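Heads up: the structure comes next, in structure tokens.
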Amino acid sequence: MLLGIVRRMLSMALTLFGVSVVIFVVLRLLPGNAVTASLGVSAGLLTHAQLAALNHFYGVGQPAIEQFFSWLGSTLSGNLGVSLASREPVSTLVGQPLLVTLELAAVAMVLGVLIGVGFGMVGAIRPGRWPDDVGQGVSVVGLAIPSFVIGTGLVTFLSSTFHYFPSSQGYVSFLQDPWLNLQQIFFPALTLSLGIGAAIMRTTRAAVLEVSGLNFTRTARGKGVSTQALVWRHLFLNALVPIVTMSGIQLGYLLGGTVIVEQIFVLPGLGRLLVSSINNRDFPVVQSVTLIFATGFVVVNMLVDVLYTIIDPRTRSR
Amino acid sequence: MGRLRKLRAVAATALAGGIAATLTGGAAALASPSAKSVVHASSSAPFVIADTSSVQKLDPDVITNFLDFQALGLIYDTLVQENAKLQLVPDLATSWSFSDGNKVLTFQLRKGVKFDDGSTFTSRDVVASMKRVVAPKTGDASASFVASVRSVVPEGPYKVKFVLSHPDVSILEGLTSVNLAMLPAKAIANGSIAKHPDGTGPFKFSSWSPGNSFVMKANPAYWGGKPTLSTVKIETIPSEQSIASALQANSVQLGLLTEPQVANHLPSAYKVQKVLSLSYRALMLQDRTGPLANVNARRAIACATNRKQILGASVFGQGVVVGPVPLGPFASKPVSSLCPTQDLAMAKSFLKKAGMVNGFSFTAITSTDLDPTSAAQAVAMQSQLAQVGIHMNIQNLAGDAYIQDWLKGNFQAAFAENGANPDPYVMYGRYFGAGANLGVPAGYSSAALQKLLLQGDEAASTANQAKIWAALSANLTNNAVWIWLFDAFNYAALAPSVHGFSISPVTGTSLQALRSTTVS
Numbered sequence: 000m001l002l003g004i005v006r007r008m009l010s011m012a013l014t015l016f017g018v019s020v021v022i023f024v025v026l027r028l029l030p031g032n033a034v035t036a037s038l039g040v041s042a043g044l045l046t047h048a049q050l051a052a053l054n055h056f057y058g059v060g061q062p063a064i065e066q067f068f069s070w071l072g073s074t075l076s077g078n079l080g081v082s083l084a085s086r087e088p089v090s091t092l093v094g095q096p097l098l099v100t101l102e103l104a105a106v107a108m109v110l111g112v113l114i115g116v117g118f119g120m121v122g123a124i125r126p127g128r129w130p131d132d133v134g135q136g137v138s139v140v141g142l143a144i145p146s147f148v149i150g151t152g153l154v155t156f157l158s159s160t161f162h163y164f165p166s167s168q169g170y171v172s173f174l175q176d177p178w179l180n181l182q183q184i185f186f187p188a189l190t191l192s193l194g195i196g197a198a199i200m201r202t203t204r205a206a207v208l209e210v211s212g213l214n215f216t217r218t219a220r221g222k223g224v225s226t227q228a229l230v231w232r233h234l235f236l237n238a239l240v241p242i243v244t245m246s247g248i249q250l251g252y253l254l255g256g257t258v259i260v261e262q263i264f265v266l267p268g269l270g271r272l273l274v275s276s277i278n279n280r281d282f283p284v285v286q287s288v289t290l291i292f293a294t295g296f297v298v299v300n301m302l303v304d305v306l307y308t309i310i311d312p313r314t315r316s317r
Numbered sequence: 000m001g002r003l004r005k006l007r008a009v010a011a012t013a014l015a016g017g018i019a020a021t022l023t024g025g026a027a028a029l030a031s032p033s034a035k036s037v038v039h040a041s042s043s044a045p046f047v048i049a050d051t052s053s054v055q056k057l058d059p060d061v062i063t064n065f066l067d068f069q070a071l072g073l074i075y076d077t078l079v080q081e082n083a084k085l086q087l088v089p090d091l092a093t094s095w096s097f098s099d100g101n102k103v104l105t106f107q108l109r110k111g112v113k114f115d116d117g118s119t120f121t122s123r124d125v126v127a128s129m130k131r132v133v134a135p136k137t138g139d140a141s142a143s144f145v146a147s148v149r150s151v152v153p154e155g156p157y158k159v160k161f162v163l164s165h166p167d168v169s170i171l172e173g174l175t176s177v178n179l180a181m182l183p184a185k186a187i188a189n190g191s192i193a194k195h196p197d198g199t200g201p202f203k204f205s206s207w208s209p210g211n212s213f214v215m216k217a218n219p220a221y222w223g224g225k226p227t228l229s230t231v232k233i234e235t236i237p238s239e240q241s242i243a244s245a246l247q248a249n250s251v252q253l254g255l256l257t258e259p260q261v262a263n264h265l266p267s268a269y270k271v272q273k274v275l276s277l278s279y280r281a282l283m284l285q286d287r288t289g290p291l292a293n294v295n296a297r298r299a300i301a302c303a304t305n306r307k308q309i310l311g312a313s314v315f316g317q318g319v320v321v322g323p324v325p326l327g328p329f330a331s332k333p334v335s336s337l338c339p340t341q342d343l344a345m346a347k348s349f350l351k352k353a354g355m356v357n358g359f360s361f362t363a364i365t366s367t368d369l370d371p372t373s374a375a376q377a378v379a380m381q382s383q384l385a386q387v388g389i390h391m392n393i394q395n396l397a398g399d400a401y402i403q404d405w406l407k408g409n410f411q412a413a414f415a416e417n418g419a420n421p422d423p424y425v426m427y428g429r430y431f432g433a434g435a436n437l438g439v440p441a442g443y444s445s446a447a448l449q450k451l452l453l454q455g456d457e458a459a460s461t462a463n464q465a466k467i468w469a470a471l472s473a474n475l476t477n478n479a480v481w482i483w484l485f486d487a488f489n490y491a492a493l494a495p496s497v498h499g500f501s502i503s504p505v506t507g508t509s510l511q512a513l514r515s516t517t518v519s
């Protein structure tokens, strides 16, 4: 098992290196640079001397290989560089937004799992009854309606009807004001969780239904195992692998999926930072934020792999 | 049994809805604007302004973002400024005069003005500020406004002389830009300007969270009197719909909007002020190669264009059709001396003169990244031109790709949103003047235009200027150099509790009314 984890970590490092190369190349393929992104068409008003001075200031025109290894070397030593737009250290710019996005993703994941597993289990145990119908309805809504539509609708409804839009008051951390912080995070998390919950719900329902038709379930029922024990110990545990897989995939996507929801709900998270940095061609920030998202995705996948070995001992030998 | 199940489903849904309503309603009570709390102007509660953009830089000499001008315009002062009627009025200079055939401009400076660091504003600061503006390493895009300045000479602490290389009346208009604000010589010397704004304006810099918020405090030593608001916070809310929601949730007092569909759908209790933006939309044409090199082909486009319809299609009619000079004392009247309204017969006759009876094709670039309305403008114009056989292909580009092509003049036609100014020389000297910086994207040059621009810049009397600028407008539209389309409204949406605010069309001073704004 230890060897497996080491192997996975090596593969993770290789994946992240690949991701860093792709990010770097894609950013350089985009037309424009920090000077034109900063000045727009006004860049045409600069004299040659002004343009040369600004190019030097922003590091425009340096060889790409030199830029890449300089960035990679600094990143590995914990220095993410300096933002071209604000001249602030990237680590400072990324710190607070990272916490916001992690909090949002965690709450959305918890809500998504509660919605998904809850409705999925209920639907599978009593298929065709009204709770199953409600669950199916929620899953159709979650899958069919994009999060930006749900988010915009929710914000508009709450603000126009109840004059309530807590995140527009400026973000406060949990330590500053726990009650306000939870209000600010709850609605965007709910918006995100509908999509996640829908996917988990469908997987849970299908997996539990499949397990409930297997011989050992019938045997357990025949032996007089209580309904609660049957549901949670026999059905749920045996259906857990696809549920964990789906939850892991959703969590990975969730880290990137916060971009639009953060815009709508005015949360100063990593997604919002990424969008503004792309617009400003602020390469050090874009590279770092994208790498953080990629690392999150890869780490979640590795944790899912490790969880498999805990849930299903048969996978340990593979 | 089936009916019972359905009843249970309905009951459960109603229960869930009730719980949600209770939860949100409870919270709403906490946040409702009808709560009896009253925020007085003197309280420490910040006055919150929301904008989709964020303050991006703190150095006034290098800013280009509209919100940066608005925010730093509250911290810094310029020598002269424009009032809401776009007239030049004193700011840090109490008076000015031209001499030596308009080649020397002398300013009398305001006395008793303090920078935020406590130092006194004198001619030494003017000299240091102007030196910084023209230094190449500063990268000030507005340095071209003072390109005629040969030297800045102090004559005592409160008098300063600008010696010009040629008569340049328009320099006064250029000096209203926040890019040419007065900075303290001490801060320039120690290089702290880009990190900590230090001006003489009504508000002082307090804090900045890049991408999120920018906070200012009232300047008690402001020469025009301490502002009534103690703290002003500019909050970034990336979507205009969310700004409208924040206004209704009473967490924002002033929302800066550009989308008419959002501004016009706010409840009537929210006062929405509208002002023409200091930018105009135009279809820029390159006359160097292809069919657009033919003046009659360009005229055919001008006559086939229905500007009012484009205004309606792209911004719901929320703006005005304009000519080359969209606003100010020299605004183009009529908006075009050639086909001020759509004239298809005239368009066809121009096509005949051009030897293109069956029409022609060309490609226009747009960028919805830079101007979200540009695609709608292009589609509306495409169908209008098709009526006379002119086929306009539309190519939508990403923001930076558009900028690159635009700067290189690598387009046949470009839907553009260009900055406007009451002074036509400031607007068009950079495009059509002799040695213009933006001559390549302008795509047109003529000796007649250069002469008119020079005459207008040197003209001493307003009456003379008016005559010259009218001739300039006529020349530009008669030759269909570009097709000028419209100027759209910008909106300021105010919470019901805000009093005494009115938005100005001038970029750097559009929020100046905050000096006397109160909140009840």
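Chains as they are written, first to last, in numbering that gives the first Met the number 0: chain A, 0 to 317; chain B, 0 to 519.
We treat Cβ as the ideally placed atom computed from N, Cα and C, and that holds for glycine.
Everything numeric in this text was worked out from a predicted model, so none of it was measured.
- One thing to note: residue 492(B) has its Cβ no nearer than 8 Å to the Cβ of residue 127(B).
- Close to residue 209(B), with beta-carbon spacing below 8 Å, are these residues of chain A in chain order: 82, 84, 85, 87, 92.
- Per DSSP, the beta bridge partners of residue 391(B) are 361(B).
- The shortest CA-to-CA distance from residue 248(A) to any of 57(A), 301(A), 227(A), 312(A) is the one to 301(A).
- Exclusion of the five residues before and after residue 304(A) leaves 7 as the residues of its chain whose Cβ lies within less than 7 Å of its Cβ.
- Residue 186(A) carries a helical assignment under DSSP once its states are collapsed to helix, strand and coil.
- DSSP links residue 88(A) through a beta bridge to 81(A).
- Excluding the 5 residues flanking it on each side, residue 63(A) has same chain C-beta neighbours closer than 7 Å at 27, in chain order.
- Nearest Cα to residue 46(B) within the set 214(A), 128(A), 169(A): 169(A).
- Close to residue 436(B), with beta-carbon spacing below 9 Å, are these residues of chain A in chain order: 43, 44, 45, 46.
- Residue 349(B) has its alpha-carbon roughly 13 Å from the corresponding atom of residue 341(B).
- Nearest C-alpha to residue 418(B) among 443(B), 279(B), 302(B), 344(B): 279(B).
- For residue 386(B), there is no enclosing beta strand (DSSP E), as DSSP marks it with neither H nor E.
- Contact between residue 257(A) and residue 104(A) holds, since their C-beta atoms are separated by about 6 Å, short of 8 Å.
- Restricted to the stretch 429 to 482 of chain B, the alpha helix (DSSP H) segments that are unbroken, complete and at least 4 residues in length are 438 to 441, 446 to 457, 461 to 477, listed in chain order.
- Two segments are said to touch when three or more pairs of C-beta atoms, one from each, lie closer than 8 Å; by this definition the stretch 34 to 45 of chain A touches the stretch 131 to 142 of chain B.
- One alpha carbon belongs to residue 159(A), the other to residue 266(B), and they sit about 9 Å apart.
- Looking at the DSSP output, residue 107(B) shares a beta bridge with 94(B), 158(B).
- Residue state for residue 119(B) is assigned as strand, using DSSP reduced to three classes.
- Per the Cβ contact rule, the stretch 467 to 476 of chain B is not in contact with the stretch 237 to 246 of chain B (fewer than 3 Cβ pairs under 8 Å).
- For residue 449(B), the nearest beta carbon of chain A is not closer than 8 Å to its own beta carbon.
- A straight-line Cα-Cα distance of about 25 Å links residue 247(B) and residue 207(B).
- Nearest C-alpha to residue 268(B) among 252(B), 300(B), 50(B): 252(B).
- DSSP places residue 280(B) in the strand class (E or B) of the three-state scheme.
- Annotated three-state conformation of residue 180(A) is helix, per DSSP.
- Residue pairing by DSSP places residue 210(A) opposite no residue, since no beta bridge is assigned to it.
- Residue pairing by DSSP puts residue 50(B) in a beta bridge opposite 235(B).
- Its chain contains 36 as the residues whose beta carbon lies nearer than 8 Å to that of residue 278(A), once the 5 sequence neighbours on both sides are disregarded; these appear in chain order.
- Distances from the alpha-carbon of residue 141(A) to those of 193(A), 135(A), 81(A), 151(A) put 193(A) closest.
- For residue 345(B), the enclosing alpha helix (DSSP H) has its first and last residue at 343 to 352.
- Put simply, the stretch 265 to 282 of chain A does not touch the stretch 128 to 135 of chain A. Fewer than three CB pairs are less than 8 Å apart.
- In the structure shown, residue 264(A) adopts coil according to DSSP, grouped into three states.
- Note that the C-beta distance between residue 103(B) and residue 163(B) is below 8 Å.
- As computed with DSSP, residue 153(B) is found in a beta bridge with 159(B).
- Put simply, the CB of residue 175(A) is far from chain B, with every gap to its CB atoms at 8 Å or more.
- Per the coordinates, the alpha-carbon of residue 267(A) lies some 16 Å from the alpha-carbon of residue 85(A).
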